[in-house]
Amino acid sequence: MSFADVLNSYCTSLNCTNAALAEQCGISASALSRYRNGSRIPKSTETVRQLARGIVSLSQGLPEVPLLSIDDVETALETAQKGPQLVGMSFGDRLNLLMNKLGISNVYMARLAKVDPSYLSRIRSGQRVPADRDSIAILCARVASYWSILNDKVAILPTFIGELDEAAFDAGSGLDLQASLADDIAFWLMGSDIVETDIDMVESLLDWLNTCDFAAIVEELACPLDMPLVDLSPRAGFHYGAEEMQRVELEFLDIAAYARSKDVFMSSDMPLLEMELEQGFYRRFMRGVGQVIRRGGHVNIVHSIDRPLEETVQALRRWIPVYLSGRVTPYYLRGMVNRLFCHANYICDTCALSCEAVMGHQSEGRYYLSLLPDDLAYYQRKMEFILEKASSLLEIYLEDVPGDFERFEQAERLRAQGDGREVRPGAYENLRVMFYPADCAVISLLRKPAAHLVLRHPKLRYAFSVM
258 MSFADVLNSY CTSLNCTNAA LAEQCGISAS ALSRYRNGSR IPKSTETVRQ
308 LARGIVSLSQ GLPEVPLLSI DDVETALETA QKGPQLVGMS FGDRLNLLMN
358 KLGISNVYMA RLAKVDPSYL SRIRSGQRVP ADRDSIAILC ARVASYWSIL
408 NDKVAILPTF IGELDEAAFD AGSGLDLQAS LADDIAFWLM GSDIVETDID
458 MVESLLDWLN TCDFAAIVEE LACPLDMPLV DLSPRAGFHY GAEEMQRVEL
508 EFLDIAAYAR SKDVFMSSDM PLLEMELEQG FYRRFMRGVG QVIRRGGHVN
558 IVHSIDRPLE ETVQALRRWI PVYLSGRVTP YYLRGMVNRL FCHANYICDT
608 CALSCEAVMG HQSEGRYYLS LLPDDLAYYQ RKMEFILEKA SSLLEIYLED
658 VPGDFERFEQ AERLRAQGDG REVRPGAYEN LRVMFYPADC AVISLLRKPA
708 AHLVLRHPKL RYAFSVM
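Given below as structure tokens:
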């Protein structure tokens with residue numbers, strides 16, 4: 258029996274609620290709920306001991322329940338805790354099934370995904386669990402997507418990975434279809450292997466969303482702002498080194514804010530955690546974004562989602578407060594994964610900033626800042642091309658726009674052919690998480706400024722679904 262099965266059998270015999278047992282054990286009701294539904298397993302023996310003591314304590318005084326001892330209950334829970342806990346298939350099992358169903362050989366997949374064939378074979382057999390699982394999944398998904406289209410095997414995919422994204426089929430573009438299929442396949446491959454630390458990070462994000470005072474932040478972003486003089490004279494130059502690169506990013510935001518740029522475009526796949534080593538840089542960076550908003554600007558931001566979940570959660574914590582201003586539109590690029598180079602492109606009416614670097618050597622990259630008319634025309638066109646390929650990362654519905662969210666819900670019901678949404682119960686006073694049958698999750702902030710954040714990206718949706 259799994260850990261969840263053993264725990265549920267005790268709870269059933271005691272006829273107790275999650276809240277009652279959680280209080281008796283000294284753990285949170287949300288954690289206990291996850292232990293019972295199998296999405297989480299306690300890591301420490303101390304947690305198992307707490308559960309055993311709580312179960313025995315509740316059983317005392319119940320004549321219909323056989324006498325329980327702490328040692329017996331603890332042994333039963335520990336045995337289940339240490340046993341195989343995987344629900345469904347492992348990452349290796351899913352990759353093996355995908356390749357077998359589509360008829361992709363190990364040599365072919367390894368060559369196109371640029372993975373060592375013997376390493377790939379060990380992953381498929383379960384002998385190895387890749388540390389860079391997400392990267393391997395994305396690369397293999399891109400190969401499988403290309404192969405299934407080339408060999409007319411797209412129709413096979415729904416028989417084992419589930420429903421595919423219909424939007425790509427409607428677009429009529431082979432590249433759009435290939436990118437959409439790659440997203441769906443990667444989502445399915447990664448879906449079986451969410452680890453404890455991933456759940457902890459998403460849980461911490463939800464806790465923060467539940468307690469953060471967004472009203473004060475949004476109120477500040479609505480206040481006009483006067484700025485000291487900033488040089489807007491035509492000029493251009495290259496910048497090198499980590500300190501200079503960070504300085505020039507802040508300079509771009511100062512120029513955009515001072516010039517009251519109406520439209521500001523930002524796109525970057527630079528690793529976040531490395532840049533975080535510069536103490537306080539992102540505080541100053543987000544303050545600069547706030548200045549742009551307070552001076553009347555609208556920001557179109559293309560996020561790089563193909564990052565470790567820790568980086569994604571950190572980025573969401575920085576950006577969600579400014580999303581609620583209604584003056585930021587977030588996007589992401591489907592199927593655009595580059596493991597060799599990283600880039601940044603920031604563009605506004607008066608200034609353009611671009612960066613290129615080799616992955617892992619960002620501090621030795623190069624930034625180019627320009628206020629020259631010819632450069633601005635080039636980078637504005639570049640921005641338009643990127644936005645054409647971008648997909649919506651978050652749809653944001655604010656309470657001060659009546660009817661918008663209701664129209665969204667009506668459209669989702671039509672897409673799902675009448676199936677209703679699933680509202681997840683939770684211990685959050687100011688937060689509600691909902692899942693819609695088609696392809697999205699909704700995080701609703703219930704206190705002012707009330708808002709609904711709609712997530713359609715497969716990896717993010719899945720991360721919230723395991724909570």
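Per this note's numbering, the very first residue in the sequence shown carries number 258; after that it's consecutive.
The beta carbon of each residue, even a glycine, is placed where N, CA and C say it ideally should be.
Keep in mind it's a predicted model, so treat the numbers as computed, not measured.
Nonlocal neighbours in the same chain, by C-beta distance under 7 angstroms from residue i, ignoring five residues either side
i: L462; result: V570, L573 and R574
i: F509; result: Y603, C608, L610 and L626
i: V245; result: Because the chain spans 258 through 724 in this model, residue 245 falls outside it and cannot be assessed.
i: Y403; result: Q435
i: P706; result: F471, A472, V475, L581, L655 and E656
i: M616; result: R596, L597, F598 and C599
Close Cβ partners of residue i (< 8 angstroms) along its chain, the five nearest in sequence each way excluded
i: Y588; result: N557, I558, V559, H560, L644, A647, S648, S649 and L650
i: L319; result: L271
i: I406; result: G431, L434, Q435 and L438
i: T274; result: none
i: S314; result: Q281
Pairwise C-alpha distance: residue j and residue i
i: L352; j: R399; result: 13 angstroms
i: R552; j: C612; result: 26 angstroms
i: I604; j: M523; result: 7 angstroms
i: T302; j: A337; result: 12 angstroms
i: P415; j: C480; result: 50 angstroms
i: I748; j: A472; result: The displayed coordinates of the chain run from 258 to 724. Any statement about residue 748 would go beyond what the structure contains.
i: H555; j: T586; result: 8 angstroms
i: R638; j: V521; result: 13 angstroms
i: L324; j: E331; result: 14 angstroms
i: I361; j: D391; result: 20 angstroms
i: G729; j: L369; result: Outside the shown range of the chain, which is 258 to 724, sits residue 729, and nothing can be said about it.
i: A493; j: R517; result: 20 angstroms
i: L486; j: Y515; result: 8 angstroms
i: A443; j: E656; result: 34 angstroms
i: I550; j: I380; result: 47 angstroms
i: V411; j: M356; result: 13 angstroms
i: S266; j: E568; result: 38 angstroms
i: G622; j: A261; result: 50 angstroms
i: D373; j: D389; result: 14 angstroms
i: R540; j: G583; result: 20 angstroms
i: F721; j: A698; result: 8 angstroms
i: G660; j: A601; result: 37 angstroms
i: H618; j: L264; result: 49 angstroms
i: C397; j: M366; result: 7 angstroms
i: S620; j: F598; result: 13 angstroms
i: I512; j: L489; result: 7 angstroms
i: V658; j: S701; result: 15 angstroms
i: F417; j: M527; result: 35 angstroms
i: C268; j: A333; result: 14 angstroms
i: K519; j: D606; result: 7 angstroms
Under 7 angstroms between C-beta atoms of residue i and residue j
i: I413; j: K371; result: no
i: H714; j: F662; result: no
i: M447; j: A394; result: yes
i: L626; j: L466; result: no
i: R704; j: L712; result: no
i: N363; j: S382; result: no
i: Y580; j: I474; result: no
i: M458; j: L566; result: yes
i: L633; j: P491; result: no
i: E335; j: V305; result: yes
i: G311; j: L278; result: yes
i: G537; j: L478; result: no
i: M502; j: Y624; result: yes
Residues that residue i bridges to, as DSSP identifies them
i: S648; result: Y589
i: F598; result: V615
i: D520; result: H555
i: C697; result: Y693
i: V711; result: E652 and V699
i: R623; result: Y497 and E613
i: L688; result: L702
i: S525; result: A601
Neighbourhood of residue i by C-beta, 6 angstroms cutoff - its chain only, sequence neighbours within 5 removed
i: L534; result: Only weak support is given to the placement of L534: the predicted model assigns it a pLDDT of 47, under 50, and the question is left unresolved by the model.
i: G283; result: Q307
i: A276; result: A286
i: A614; result: C599 and G622
Cβ-heavy atom distance, residue i to the ligand SAM, below 6 angstroms
i: F522; result: Questions concerning the ligand SAM fall outside what the structure shown contains, since it holds no ligand whatsoever.
Length at least 4, wholly inside the region 444 to 511: the alpha helix (DSSP H) runs in chain order: 453 to 468 and 471 to 478
Runs of beta strand (DSSP E) wholly within the region 375 to 426 (minimum 3 residues, chain order): none
Sequence ranges, alpha helix (DSSP H) only - wholly within the region 311 to 337, length at least 4: none
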